[in-house]
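Reading through the structure tokens given below for one structure.
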Amino acid sequence: IQPAEIPEDIYNKTRMFYTSGITLALSENTRSLAIDMIKKFKAAGAQIAFDVNYRANLWSEDLARETIKQILPYIDVLFISEESCQRMFQKKGTLQDMHREFCKEYPNIKIIASSEREVISPKVHSFTSTVYMKEEDKFFTEDPYKEIDVVDRIGSGDAYCAGVLFGLLKYNDPQKAVEFGNATCATKNTIFGDLPVSDFNEISAIISAHKNKGKQSEMNR
Numbered sequence: 092i093q094p095a096e097i098p099e100d101i102y103n104k105t106r107m108f109y110t111s112g113i114t115l116a117l118s119e120n121t122r123s124l125a126i127d128m129i130k131k132f133k134a135a136g137a138q139i140a141f142d143v144n145y146r147a148n149l150w151s152e153d154l155a156r157e158t159i160k161q162i163l164p165y166i167d168v169l170f171i172s173e174e175s176c177q178r179m180f181q182k183k184g185t186l187q188d189m190h191r192e193f194c195k196e197y198p199n200i201k202i203i204a205s206s207e208r209e210v211i212s213p214k215v216h217s218f219t220s221t222v223y224m225k226e227e228d229k230f231f232t233e234d235p236y237k238e239i240d241v242v243d244r245i246g247s248g249d250a251y252c253a254g255v256l257f258g259l260l261k262y263n264d265p266q267k268a269v270e271f272g273n274a275t276c277a278t279k280n281t282i283f284g285d286l287p288v289s290d291f292n293e294i295s296a297i298i299s300a301h302k303n304k305g306k307q308s309e310m311n312r
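Whatever position you read off the sequence shown (first residue = 1), add 91 for the working numbering.
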């Protein structure tokens, strides 16, 4: 795809632009185009969300670090794993320490989200996440979804990002972002194929059931 194929009118009618490290890694062309679009969306007033999502099979760690550091000054919402914080960006301390350090180094970053997956076995995982809101210097999380029956993990990270961004865009609430991100990711693990097939009502019901620690009716299905 070439820059001329991108309609110019999209830049002024978009609330948020999202892309990931995979797009940056695929080729020099997609990398150049994605960076150009990040700058144009930012200049037009859109929020920028970015998932580091480093894959060693696609590009070198040094090139990834160098490229991502170029775009971090434009990012409003950053998705990054604890391992990427430590390994790629040489951050130290707890996850909370590293989130705060990122926001200190890049003052434009308003939200950082990190997923936390416990692999009990290849087909049994537990999942939660942490979202940091710089303005309030506050961390948001919840109890994990425990012992998820994993049918197909592929796409669950993207589902997590989608849920978090939905919570932020619809509710402007980091706690809602955690809840929708976790529920969407956990549910996607149970669905075969790259894409989730759940709608708003189903995810909302899953969130409600997750919060309810008491007896739940089997008729709510």
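For every residue, glycine included, the Cβ atom is placed at its ideal position computed from N, Cα and C.
Three-state secondary structure (DSSP) of residue i
i	result
residue 107	strand
residue 298	helix
residue 203	strand
residue 281	coil
residue 102	helix
residue 226	coil
residue 113	helix
Beta-carbon spacing of residue i, residue j below 8 Å
i	j	result
residue 204	residue 143	no
residue 139	residue 167	yes
residue 137	residue 170	no
residue 200	residue 224	no
residue 232	residue 250	no
residue 135	residue 102	yes
residue 141	residue 105	no
residue 116	residue 155	yes
residue 172	residue 206	yes
residue 230	residue 266	no
residue 272	residue 258	yes
residue 97	residue 128	yes
residue 303	residue 241	no
CB-CB length for residue i against residue j, believed under 8 Å
i	j	result
residue 239	residue 212	Their Cβ separation, rounded to whole angstroms, is 11 Å, which puts residue 239 and residue 212 out of contact at 8 Å.
residue 219	residue 234	7 Å
residue 163	residue 113	That belief does not hold up - the Cβ atoms of residue 163 and residue 113 are roughly 17 Å apart, past 8 Å.
residue 145	residue 189	So it is not a contact: roughly 15 Å between Cβ atoms.
residue 289	residue 278	5 Å
residue 301	residue 236	7 Å
residue 192	residue 182	6 Å
Within-8 Å CB hit, residue i to chain D
i	result
residue 195	No chain D is part of this structure, which consists of one protein chain only.
Q: Could you name each continuous alpha helix (DSSP H) segment of 4 residues or more that falls completely within the segment 228 to 268, going from the start of the chain to the end?
A: Positions of the alpha helix (DSSP H) runs, each at least 4 residues long and wholly inside the segment 228 to 268, are given as 247 to 262 in order along the chain.
Q) Can we say the segment 235 to 251 touches the segment 93 to 103, given the rule of at least three CB pairs closer than 8 Å? A) The segment 235 to 251 is not in contact with the segment 93 to 103.
Q: Please list the segments of the alpha helix (DSSP H) lying wholly inside the segment 124 to 191, counting only runs of 4 or more residues, in order along the chain.
A: Counting whole runs of 4 or more residues, the segment 124 to 191 contains the alpha helix (DSSP H) stretches 152 to 162 and 173 to 178.
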